[in-house]
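Engineer: Below are the structure tokens for one structure; questions will follow.
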Amino acid sequence: MIFHSAGKLDNKTEQNFFQEQVKIYIRLVEAFCEKNHIPFETGAAGAAVEQDAVTAEMIRMGVIDGKEELPLLEKAVREDYSRFRKAVAFAVSHKRELGGTLDKLSNQERKRIQREGAGKKGHTLVDFFCGAGGLSLGFRQEGFQVKLANDIEDVCIRTYRYNHPELPSDRLIQGDIKQIVDHIGDYIREDIDVVVGGPPCQGFSEANRQRVIDDPRNKLYKYFLQAVEKIAPRFVVMENVRGMLKVAQQVVEDYESLKIRKNGKEYSYRVQYRLLNSQDFSVAQSRERLIYIAVRNDVMEDRKVTPRMIFDRIEEDCKGGRTFVLQDALDDIRPLEAPRIKNQNETDSQLTGKKIEGNPYEKNENAYLKLINQGRDIPYTFNHKARYLSDVNYEIYKRLAPGDDATDEKIADIMPYAHRNHCFKDKYYKLHGDRPCRTITAHLRMDCHSHIHPSQVRALTPREAARVQSFPDDYLFLGAYLKTYMQIGNAVPPLMARGIASVIRKYLE
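Its first residue numbered 142, the sequence shown is counted upward by one per residue in this note's numbering.
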């Protein structure tokens with residue numbers, strides 16, 4: 142389900158996301174009207190739809206369980222209620238023209254998608270620390286079926302849920318991985334082909350310890366390992382930051398010490414690791430990730446495969462790929478100006494961008510956009526909103542040229558952090574359009590000075606950052622504006638995940 146009905150909103154967080162999803166519904170209808178030159182007010186008001194039909198559609202969506210909840214719905218969405226009713230009326234009367242535009246916002250349509258998917262055979266996946274869903278998306282694009290996904294961040298779960306309607310809600314769990322590991326049988330009752338995840342590991346500073354990986358701060362990694370032990374998948378893909386190299390051999394020891402008894406058999410794993418760079422997978426970004434691949438002993442024997450062979454095949458497949466640069470990700474998207482008034486990040490405007498709007502470049506995509514969008518025409522642009530700039534930062538952005546950083550003489554007279562340039566010169570950095578982008582990080586939620594647009598006086602928008610990460614243009618990030626940067630920066634690039642998945646799939650067929 143995407144919606145809990147208005148009568149079942151238990152807390153403020155649920156109410157906020159309910160309101161956001163209603164606003165998304167309204168904006169999608171408005172964007173459709175704008176794209177097709179239909180005045181929303183006239184079109185919605187003129188929709189010849191009985192009020193009972195509107196109520197019935199709301200029940201199908203899941204925003205209410207029955208007509209008696211209409212007052213609760215009005216209370217939940219407040220000033221948006223009248224506009225929402227008009228949008229629903231318009232959608233009912235223009236169902237054929239809208240096609241599947243609103244399907245992700247309908248409980249009934251999501252159930253249909255899940256029923257259709259349930260009958261299909263496919264390799265199975267469990268995704269821990271799933272975040273916004275980059276790893277899952279890459280594997281799904283290669284035909285894998287997600288059977289369980291988990292993350293502790295509520296906003297990540299909301300984004301994942303919206304974009305993955307094929308996964309039933311009771312298999313997308315927000316919460317501590319420990320609770321899932323302790324009750325894994327409640328969620329997984331079948332053989333799983335691949336477990337993936339990127340457990341946060343923070344205890345790297347005490348390098349003199351004999352077992353750094355046993356640092357209490359790395360407990361999430363330990364729970365991930367326990368999940369592998371209980372699920373006993375055929376393959377494991379674990380990703381992490383380059384800094385984990387210092388404990389990589391300890392991770393190998395942990396995996397290879399597993400001895401699992403299941404269905405009367407004993408299983409063990411062989412594991413290897415390599416640093417992989419997303420740009421080698423045709424992602425328009427230089428982003429190094431430490432990847433571990435573990436293979437179960439019976440699979441190694443039956444399929445004549447080792448982790449080394451998988452890595453070799455991945456790297457061989459990458460050799461024929463095309464290298465893309467930042468400008469490839471920035472093409473065919475509307476130019477914007479940065480807001481100059483504080484607290485405008487959540488406000489839509491023609492000048493500074495909108496959370497949802499029609500895509501005027503729908504038929505003009507370049508090779509990179511066709512790759513990340515899988516050749517699909519995407520009619521709408523999501524999350525393309527410029528970020529606020531103060532007068533000082535506007536002037537800094539304006540003076541810098543691509544490749545310039547905080548130490549550049551052109552900004553010496555106005556640089557507010559000049560005393561820290563010896564250790565923090567990347568505080569400001571204007572990107573090169575003709576090179577792969579520097580790594581998109583979750584720090585962008587704090588400020589975007591390290592990712593200044595190469596030709597416009599502003600930082601990268603969330604949509605531009607998502608493109609750099611290789612998310613398709615119809616992947617909508619929910620939540621507050623600054624949290625969209627966090628979700629995007631923490632994600633595994635879907636194209637990179639897809640490259641890994643395609644090789645593993647070959648050894649499962």
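We treat Cβ as the ideally placed atom computed from N, Cα and C, and that holds for glycine.
Since the model is a prediction, treat every value here as computed from it, not as a measurement.
1. Count the other C-beta atoms from every protein chain shown that fall within 10 angstroms of the C-beta of I482, then say buried if there are 16 or more, exposed otherwise.
2. Less than 7 Å separating the beta-carbons of F285 and F365?
3. May I have the straight-line CA-CA distance separating N381 from K387, to the nearest angstrom?
4. In this structure, does DSSP put F144 in helix, strand or coil?
5. From A131 to A632, what does the alpha carbon distance come to, in whole angstroms?
6. Roughly how far, in whole angstroms, is the beta-carbon of A217 from the beta-carbon of A147, given that I think they are within contact range, below 8 Å?
7. For the alpha helix (DSSP H) that contains A259, what are its first and last residues?
8. Would DSSP call N514 helix, strand or coil?
9. S490 by DSSP, collapsed to three states: which one?
10. What number of angstroms, rounded off, separates the C-alpha of A553 from the C-alpha of D532?
11. Do the segment 447 to 458 and the segment 633 to 644 make contact, defined as three or more Cβ pairs closer than 8 Å?
12. Find the nearest neighbour of R599 within the set I329, Y616, K526 and E650, judged by alpha-carbon distance.
13. Could you compute how far the alpha carbon of P340 sits from the alpha carbon of E161?
14. Among A425, L169, N418 and V412, which residue has its Cα nearest to the Cα of T464?
15. Below 8 Å CB to CB, which residues in the same chain sit around R579 once its five sequence neighbours on both sides are set aside?
16. Could you please give me the residues that DSSP links to D546 through a beta bridge?
17. Since M190 and S223 should fall inside the 8 Å C-beta cutoff, what is the C-beta to C-beta distance between them, to a whole number of angstroms?
18. Helix or strand or just coil, what does DSSP make of F270?
19. With burial defined as no fewer than 16 other Cβ atoms inside 10 Å of the residue's Cβ, what is the status of G630: buried or exposed?
20. Alpha carbon to alpha carbon, what distance is there between V446 and E457?
21. Check whether the segment 319 to 327 and the segment 240 to 260 are in contact - that is, three or more C-beta pairs closer than 8 Å.
22. In the structure shown, what three-state DSSP assignment does L214 receive?
23. For K624 and P480, what's the separation of their Cα atoms in angstroms?
24. Of the residues S409, G405 and R402, which one's Cα is nearest the Cα of V393?
25. Nearest-angstrom Cα distance between K227 and D614?
26. Figure out for me which residue from E550, K539, L619 and M627 has the closest Cα to the Cα of I581.
27. I'd like to check one pair, V322 with A368: are the Cβ atoms closer than 7 Å?
28. Per DSSP, I519 is paired with what?
29. Keeping to the same chain, check which residues put their C-beta closer than 7 Å to that of E210; ignore five residues upstream and five downstream.
30. Quick check for students: name the residue ranges of the beta strand (DSSP E) that lie wholly in the segment 296 to 320, counting only runs of 3 or more.
31. State the beta-bridge partners of R437 as determined by DSSP.
32. Work out the CA separation of R237 and C174 for me, nearest whole Å.
33. Could you check what DSSP says for Q286 in three-state terms: helix, strand or coil?
34. For L636, count the other beta carbons within 10 Å of its own beta carbon; 16 or more makes it buried, fewer makes it exposed. Which is it?
35. Going by DSSP in three states, T154 sits in which element: helix, strand or coil?
36. List the whole-angstrom C-beta distance separating G338 from M379, where the pair is believed to meet the contact cut-off of C-beta under 8 Å.
Structural biologist: Straight from the coordinates:
1. To locate residue 482, count along the sequence shown from 1; it is residue 341. By the neighbour-count rule (16 or more Cβ atoms within 10 Å), I482 is not buried but exposed.
2. Taking the sequence shown and counting its residues from 1, one reaches residue 285 at position 144. Taking the sequence shown and counting its residues from 1, one reaches residue 365 at position 224. Cβ atoms of F285 and F365: not closer than 7 Å.
3. Along the sequence shown, read from residue 1 onward, the residue named residue 381 stands at position 240. Along the sequence shown, read from residue 1 onward, the residue named residue 387 stands at position 246. Distance between the alpha carbons of N381 and K387: 12 Å.
4. Indexing the sequence shown from 1 puts residue 144 at position 3. Three-state result, F144: coil.
5. This structure does not reach residue 131, given that the chain is present from 142 up to 650, and the question cannot be answered.
6. Position 76 of the sequence shown holds residue 217. Position 6 of the sequence shown holds residue 147. That pair is a contact at about 5 Å.
7. In the sequence shown, counting from the first residue as 1, residue 259 sits at position 118. N248 to A259 is the span of the alpha helix (DSSP H), which, as asked, contains A259.
8. Translated into the one-based positions of the sequence shown, residue 514 becomes position 373. If DSSP states are grouped into helix, strand and coil, N514 belongs with coil.
9. The count along the sequence shown starts at 1 and reaches residue 490 at position 349. Reduced to three states, the DSSP call for S490 is strand.
10. If you number the sequence shown from 1, residue 553 lands on position 412. If you number the sequence shown from 1, residue 532 lands on position 391. Straight through space, the alpha carbons of D532 and A553 are spaced by roughly 16 Å.
11. yes
12. Residue numbering aside, residue 599 sits at position 458 when the sequence shown is read from its first letter. Residue K526 is the option with its Cα nearest to R599.
13. Within the sequence shown, residue 340 is the residue found at index 199, counting from 1. Within the sequence shown, residue 161 is the residue found at index 20, counting from 1. Those two C-alpha atoms are separated by around 29 Å.
14. Taking the sequence shown and counting its residues from 1, one reaches residue 464 at position 323. Here the closest residue by C-alpha is A425.
15. Here residue 579 corresponds to residue number 438 of the sequence shown, with the count starting at 1. Closer than 8 Å at Cβ, skipping near neighbours: Q426, S427, Y570, L572, S591 and H592.
16. For the purposes of this step, residue 546 is identified with residue 405 of the sequence shown, where counting begins at 1. The partner list for D546 (beta bridge, DSSP) reads Y570.
17. By 1-based counting over the sequence shown, the position of residue 190 is 49. By 1-based counting over the sequence shown, the position of residue 223 is 82. The sequence given here places Val at residue 190; Met does not occur at that position. Not quite, the Cβ-Cβ distance comes to about 15 Å (not below 8 Å), so this is no contact.
18. Counting from one through the sequence shown, the residue named residue 270 turns up at place 129. DSSP places F270 in coil when its eight states are reduced to three.
19. As a first step, residue 630 is located in the sequence shown; it is residue number 489 there, counting from the start. Result: buried.
20. As a first step, residue 457 is located in the sequence shown; it is residue number 316 there, counting from the start. As a first step, residue 446 is located in the sequence shown; it is residue number 305 there, counting from the start. Rounded to the nearest angstrom, the two C-alpha atoms are 16 Å apart.
21. Short answer: they don't touch.
22. Reading the sequence shown from its first residue, position 73 is the one you call residue 214. Looking at L214 - three-state DSSP - the assignment turns out to be helix.
23. Against the sequence shown, residue 624 aligns to sequence position 483. Against the sequence shown, residue 480 aligns to sequence position 339. So the two alpha carbons sit approximately 18 Å from each other.
24. For the purposes of this step, residue 393 is taken as the residue at position 252 of the sequence shown. For the residues S409, G405 and R402, the minimum Cα distance to V393 belongs to S409.
25. Residue 227 sits at position 86 when you count from the first residue of the sequence shown. Residue 614 sits at position 473 when you count from the first residue of the sequence shown. Taking the straight line joining both Cα atoms gives about 27 Å.
26. In the sequence shown, residue 581 corresponds to position 440, counting from 1. Comparing Cα-Cα distances from I581 to each of E550, K539, L619 and M627, the minimum goes to M627.
27. In the sequence shown, counting from the first residue as 1, residue 368 sits at position 227. In the sequence shown, counting from the first residue as 1, residue 322 sits at position 181. It is a contact, given that the beta carbons lie within the stated cut-off.
28. For the purposes of this step, residue 519 is taken as residue 378 along the sequence shown, with counting starting at 1. In DSSP, I519 forms no bridge with anything.
29. As a first step, residue 210 is located in the sequence shown; it is residue number 69 there, counting from the start. These residues qualify, in order along the chain: S146, A147 and G148.
30. Runs of the beta strand (DSSP E) inside the segment 296 to 320: 313 to 315.
31. For the purposes of this step, residue 437 is taken as the residue at position 296 of the sequence shown. BP columns for R437 point to Y410.
32. For the purposes of this step, residue 174 is taken as the residue at position 33 of the sequence shown. For the purposes of this step, residue 237 is taken as the residue at position 96 of the sequence shown. Approximately 14 Å between the Cα atoms of the pair.
33. Residue mapping note: residue 286 aligns to position 145 of the sequence shown, counting from 1. Note: Q286 maps to strand in three-state DSSP.
34. To locate residue 636, count along the sequence shown from 1; it is residue 495. It is buried - the Cβ of L636 has at least 16 other Cβ atoms within 10 Å.
35. On the sequence shown, residue 154 is found 13 positions in, with the first residue counted as 1. Helix.
36. Within the sequence shown, residue 338 is the residue found at index 197, counting from 1. Within the sequence shown, residue 379 is the residue found at index 238, counting from 1. With a contact defined as Cβ atoms closer than 8 Å, G338 and M379 qualify at about 6 Å.
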